[in-house]
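Here our numbering is used: the first residue of the sequence shown is 14, the next is one more, and so on.
What follows is one structure encoded as C-alpha cells, with my remarks underneath.
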Amino acid sequence: MKAIVYTKYGTPDALVLIETDKPVPKPDEVLIKVYAVSLNDWDYGLLQGDPINRLLNGLLKPKIQILGSDVAGRIEAVGDNVKNFRPGDEVFGDLSGRWGGLAQYVCAPENLLALKSAKMTFEEAASIPQAAMLAVQGLIDVGKIQSGQKLLINGAGGGVGTFGLQLARLFDVEVTGVDNPGKLEMLHSLGFDHVIDYTKEDFTSNGQQYDLILDAKTNRSMFDYTRALRPGGTYVTVGGSIARLLQALILGPFISMINGKKIRIVALKANKDLAYMNELFEAGKIKPVIDGPYKLEEVPETFRLFGKGDHKGKVVITVDHK
Ligand SMILES: NC(=O)c1ccc[n+]([C@@H]2O[C@H](COP(=O)([O-])OP(=O)(O)OC[C@H]3O[C@@H](n4cnc5c(N)ncnc54)[C@H](OP(=O)(O)O)[C@@H]3O)[C@@H](O)[C@H]2O)c1
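Here's what the structure looks like:
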C-alpha cells in the first residue's frame with residue numbers, strides 16, 4: 014500500500030511517500046480501506062517532535078512512523094473478536110495514540126470507530142472526529158453553553174472554531190470569532206456575529222466581556238482571559254501553550270474562589286460524540302469547513318500550510334486507490 018512515513022523528527026521535508034506492507038488486523042481489530050484523512054495539531058506536534066510528543070513516540074526517533082488520526086473509510090476485513098462491524102461498513106474515527114491514517118489502509122480496534130452517515134462524504138467524515146469532539150465537549154459538556162449568552166471563540170478559523178460556531182448556532186447566542194486577517198471574511202460568511210483580527214485588537218483588553226470563551230490557542234495569561242469574562246463567566250481551553258495550560262490547571266481553582274469566574278480544561282473523550290455529529294449532519298445543522306481536499310502525495314505541502322496556520326477549517330486529504 015501507499016503511505017506517508019517519517020523516520021526522523023523535523024520539518025514536513027521528513028514526510029515521504031513510500032510503498033509498504035498492508036497491515037493485518039489483530040483479533041479485536043478491523044482493517045479499514047482509508048478514503049480520507051484530516052490533519053490535526055497533534056500530527057504537527059508529532060512531526061516536529063516537541064518534548065511531550067517525544068515522550069509519547071520515541072525520544073530520538075519516531076516509533077510510530079505513519080501519522081494521521083482522523084480517518085474515514087470502508088471496512089475491508091474484521092478480526093475474529095470484532096462484534097459491531099462487518100466488511101463493507103463505512104466508518105470514521107479518531108485513532109490518536111495509534112495513528113497510521115496517512116495510508117491506504119489502517120487497522121483499528123472497533124471501539125475507536127462509528128458508522129458514518131451515508132449522506133456524508135468520506136472527506137466530510139474525516140474532518141469531524143478530533144476537532145468536532147473538542148468543540149462539542151468544550152461548548153456543551155464543559156462550557157454548559159446556554160441561549161442568551163455572549164460567546165467568544167479564540168482561534169475561530171481552525172477545526173475547533175469552525176465546528177464550534179455551528180454548534181453554538183444550536184443555541185441562541187451572540188458569537189465573536191478571533192483569528193488572523195486572512196480568515197475574517199470566511200468567519201463572517203460562516204455566520205460569526207463579530208470578528209476580531211488578533212493582529213490588530215486584543216480581545217482581553219478592549220472592554221468587551223463574554224459569558225463563555227472557547228479557546229483553541231491558549232497563549233495568554235489566565236488573568237487576561239478572566240478580564241474578558243462577565244461575572245460568573247466560564248473560560249474553556251481545548252489546548253495551546255503547555256505553560257498556559259499548566260497555569261490554567263494550577264491557578265484555575267484559585268481564580269474561581271476569588272472572583273467566581275470558572276477556568277476549565279477539556280480532556281478529550283475521543284470519538285464520544287460521533288453519533289451525535291451524524292444526527293446533526295443529517296439534520297443539516299453541521300457542514301464541515303474543508304481546506305482541500307488534497308492528495309496523499311501533497312501531504313508534505315499540507316503540513317507546511319498547517320504549520321504556517323494558513324489553513325481554513327480542516328485540512329483534508331483524499332486517499333485514492335487507483
Ligand atoms: N484537550 C485535549 O485533550 C486535546 C486533544 C487534541 C488536541 N487538542 C488541542 O486542540 C487544539 C486544536 O484546535 P484546532 O483543531 O482548531 O487547531 P487549528 O485548526 O490549528 O486552529 C487554530 C486557529 O487559531 C488561530 N490562531 C493562531 N494564533 C492565534 C492567536 N494568537 N489568537 C487567536 N487565534 C489564533 C490559527 O490561525 P493562524 O495560525 O493562521 O493565525 C487557527 O485558525 C490544539 O490546541 C490542540 O493542541 C486538545
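Note that beta-carbon positions come from the ideal geometry of N, C-alpha and C, so glycine has one too.
Exercise. Between the Cα of residue 136 and the Cα atoms of 254, 251, 50 and 207, which residue gives the shortest distance?
Worked result: Of 254, 251, 50 and 207, the residue nearest in Cα terms is 50.
Problem set entry | Element boundaries [alpha helix (DSSP H), containing residue 137] | 135 to 140
Exercise. Taking Cβ to Cβ, would you say residue 327 is nearer than 7 Å to residue 303?
Worked result: yes
Problem set entry | Reduced DSSP category for residue 336 - H, G, I as helix; E, B as strand; rest coil | This structure cannot settle anything about residue 336, because the visible part of the chain is limited to 14 through 335.
For this session: Give a yes or no on contact between the segment 158 to 177 and the segment 224 to 233, applying the rule of three or more CB pairs nearer than 8 Å.
Result: Judged by Cβ distances under 8 Å, the segment 158 to 177 makes contact with the segment 224 to 233, as three or more pairs qualify.
Problem set entry | Reduced DSSP secondary structure (H/G/I, E/B, other) of residue 187 | strand
Exercise. Looking at residue 191 and residue 178, is the spacing between their C-beta atoms short of 7 Å?
Worked result: It is not a contact, given that the beta carbons lie outside the stated cut-off.
Exercise. Do the CB positions of residue 242 and residue 158 come within less than 7 Å of each other?
Worked result: Result no, Cβ atoms of residue 242 and residue 158 do not sit closer than 7 Å.
For this session: Kindly indicate which three-state DSSP category residue 236 falls into: helix, strand or coil?
Result: helix
Exercise. Using a threshold of 6 Å, is the CB atom of residue 211 nearer than that to any non-hydrogen atom of ligand 1?
Worked result: Yes - ligand 1 has a heavy atom lying nearer than 6 Å to the Cβ of residue 211.
Problem set entry | Neighbourhood of residue 272 by C-beta, 8 Å cutoff - its chain only, sequence neighbours within 5 removed | Around residue 272: 239 and 244.
Exercise. If you scan the segment 252 to 332 from start to end, which runs of the beta strand (DSSP E) of 3 or more residues do you find wholly inside it?
Worked result: 275 to 278, 303 to 308 and 327 to 331
For this session: Please state if the CB of residue 316 and the CB of residue 75 are separated by a distance shorter than 7 Å.
Result: no
For this session: Would you be able to state if there are at least three C-beta pairs under 8 Å between the segment 90 to 106 and the segment 258 to 266?
Result: no
Exercise. Between which two residues does the beta strand (DSSP E) harbouring residue 250 extend?
Worked result: 242 to 250
Exercise. Among all the DSSP beta bridges, which residues are the ones paired with residue 228?
Worked result: DSSP lists 167 and 250 as partners of residue 228.
Exercise. With residue 287 and residue 81 assumed to form a contact (beta carbons below 8 Å), what rounded beta-carbon distance in angstroms separates them?
Worked result: That pair is no contact at about 17 Å.
Exercise. What does DSSP give as the partner residues of residue 42 in its beta bridges?
Worked result: When beta bridges are read from the DSSP output, residue 42 appears opposite 122.
Problem set entry | Assigned secondary structure, residue 77 (DSSP; H/G/I helix, E/B strand, else coil) | coil
Exercise. On the three-pair Cβ rule with 8 Å, is the segment 30 to 42 touching the segment 79 to 93?
Worked result: Short answer: they touch.
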